[in-house]
């Protein structure tokens, strides 16, 4: 637990000191949202209808940039081997890094949501609590497998291609559930379906936050 | 003595498939709702069953590889993922051919279709990953982890897409199907099982030999510095 908090603190401190990278990431998310709006055209009804999908696609694409560098910084100048010598337990390292990624994805999401409302002329029919819960659970669903995969491919050639190739098929359930829950929160949920989609997200997170935590030790050893 | 029993098993499977398809096409009655189009089930259903079974074998092999670190398990991961992927692609092609006359489209966002499409990418990545890693032990660990995760994800993807939209017909059972249709279907399933077993074991032998050579081969010597060529006077 202590190791997890230390790693979380270290990663967030690194990101804070390199704030320009975070700004670049937010700019990337913003550009993607604009591009989706341009691709659909000025049809306000269609933009409003699919606002949830644009939000999550923007977040998914941004996550590949974020996750790619989360392990790269550890392999620069042999930081990883020194972490292992301290020694930091592999589970502590995984949960610290995954929580740091979750936090940053939530920041990107929190930045993107107002943009989606403005660009897509969306409205929030249901409580904002549902939207924030979806953001948190969806970002968690991207962070856990993304952290594991970024560690797996950190030292491989062609990692920029491998990360999305491995991550995107895996997070299909996250995308389906998060887009549906976000759209229901924005457009209205007369049949009370949001809870079911959030339950699916909770189940996905329970499976992958535990499975990836167990497997991360093997990845670090390899 | 060199044993090649898998060739015999594969040929037996092929013979059973030929008999089952002949019976399915010319002897069994047409399907009640779809007519002759429904006869594709003798190819489609066994491909689906054995494809999933092969992925199950790859999952078990991946757990075995990561647990024991033995090359035999690692070779089985590669062999079974390759054959599973081949069956998976065949399944998608057969499903699309069946979907056009029955549903009116080659592709629809049905849970089973979508799950199959995602499985192609998820397990295809395992093979891509294996070819990207040169160190055999790292390859064993990382590709086993990718296989375990790809397999665990299958039911979650299926459930999520099922909630999202469903169109596929419910499962049939032997009680609701004519007896003359059940026999060729069962023979085709066992034929496909034997053929796939033949392929998997054959590939397992080949990959095992390749891994043995790779592990025993000495490291390449350090590259010598480039020759300094003096300018001719």
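Chains as they are written, first to last, in this note's numbering: chain Z, -19 to 202; chain C, 5 to 237. Using N, Cα and C, we set each Cβ at its ideal position, and we do this for glycine too. Please read all numbers here as calculations on a predicted model, not as lab measurements.
Leaving aside the five residues before and after residue i along the sequence, list all residues of the same chain whose C-beta is less than 7 Å from its C-beta, in chain order.
i	result
residue 23(C)	191
residue 65(C)	77, 80, 81 and 84
residue 31(Z)	96, 100, 102 and 166
residue 215(C)	75, 78, 79 and 140
residue 70(Z)	196, 197 and 200
residue 118(Z)	36, 154, 158 and 181
residue 8(C)	none
residue 88(Z)	5, 6, 9, 39 and 42
residue 28(Z)	100, 101 and 102
residue 82(Z)	119, 120 and 123
Let me make sure I understand the geometry here. Which of the options has the alpha-carbon closest to that of residue i?
i	options	result
residue 153(C)	29(C), 13(C) and 70(C)	70(C)
residue 139(C)	218(C), 29(C) and 11(C)	218(C)
residue 111(Z)	64(Z), 99(Z), 84(Z) and 177(Z)	177(Z)
residue 179(Z)	56(Z), 48(Z) and 113(Z)	113(Z)
residue 162(C)	41(Z), 151(Z), 33(Z) and 55(Z)	151(Z)
residue 136(Z)	132(C), 106(C) and 10(C)	132(C)
residue 52(Z)	3(Z), 86(Z), 188(Z) and 133(Z)	133(Z)
residue 38(C)	21(C), 102(C) and 62(C)	102(C)
residue 208(C)	137(C), 61(C), 45(C) and 30(C)	61(C)
residue 99(C)	88(C), 111(C) and 90(C)	111(C)
residue 93(Z)	81(Z), 163(Z), 149(Z) and 80(Z)	163(Z)
residue 88(C)	30(C), 123(C) and 25(C)	123(C)
residue 30(C)	67(C), 109(C) and 188(C)	188(C)
Please go through the same chain and pick out, in chain order, the residues whose beta-carbon is closer than 8 Å to the beta-carbon of residue i, but skip the five residues on each side of it.
i	result
residue 95(C)	48, 51, 52, 55 and 120
residue 17(C)	194, 195, 196, 197, 198, 199, 200, 201 and 202
residue 26(Z)	20
residue 34(C)	40, 42 and 43
residue 185(Z)	117, 120, 121 and 124
residue 137(C)	143, 146 and 147
residue -5(Z)	1, 2, 80 and 84
Which bits of chain C does residue i rub up against, with CB to CB less than 7 Å?
i	result
residue 149(Z)	122, 125 and 126
residue 74(Z)	What residue 74(Z) touches in chain C: nothing, since even the nearest Cβ is about 13 Å away.
residue 184(Z)	160
residue 153(Z)	160, 161 and 164
For residue i, I'd like the list of residues in its chain whose CB is within less than 6 Å of its CB, leaving aside the five on either flank, ordered along the chain.
i	result
residue 73(C)	none
residue -16(Z)	72, 75 and 76
residue 60(Z)	54
residue 150(C)	130 and 133
residue 13(C)	198, 201 and 202
residue 191(Z)	none
residue 140(Z)	none
residue 204(C)	83, 84 and 87
With DSSP as the reference, please indicate the residues paired to residue i in a beta bridge.
i	result
residue 39(C)	35(C)
For a contact meaning CB atoms closer than 9 Å, what does residue i contact in chain C?
i	result
residue 187(Z)	156, 157 and 160
residue 0(Z)	Those do not exist, as residue 0(Z) stays about 31 Å from chain C at its closest Cβ, beyond 9 Å.
residue 138(Z)	132 and 136
residue 191(Z)	152, 153 and 156
residue 180(Z)	160, 163, 164 and 167
Check the Cβ of residue i against every Cβ in chain Z and list those closer than 8 Å, keeping chain order.
i	result
residue 168(C)	156 and 160
residue 149(C)	128, 132, 195, 198 and 199
residue 145(C)	198, 199, 201 and 202
residue 64(C)	Within chain Z, no residue comes near residue 64(C); the closest Cβ sits about 16 Å away, beyond 8 Å.
residue 129(C)	142, 145, 146 and 149
Interface residues of chain Z around residue i at Cβ under 7 Å?
i	result
residue 142(C)	202
residue 165(C)	156
Mind listing the chain C neighbours of residue i? Cutoff is C-beta to C-beta under 8 Å, in chain order.
i	result
residue 60(Z)	Near residue 60(Z) there are no residues of chain C at all, since even the closest Cβ is about 14 Å away, more than 8 Å.
residue 125(Z)	153
At 9 Å on the CB atoms, spell out the chain Z contacts of residue i, in chain order.
i	result
residue 11(C)	Per Cβ cutoff of 9 Å: no residues; residue 11(C) is ~35 Å from chain Z at best.
residue 91(C)	Those do not exist, as residue 91(C) stays about 18 Å from chain Z at its closest Cβ, beyond 9 Å.
(message) Taking beta-carbon pairs under 7 Å, can you tell me which members of the region 66 to 79 of chain C lie near chain Z?
(response) 70
(request) Closer than 8 Å, Cβ to Cβ, to anything on chain C: give me those residues from the region 13 to 26 of chain Z, in chain order. (result) none
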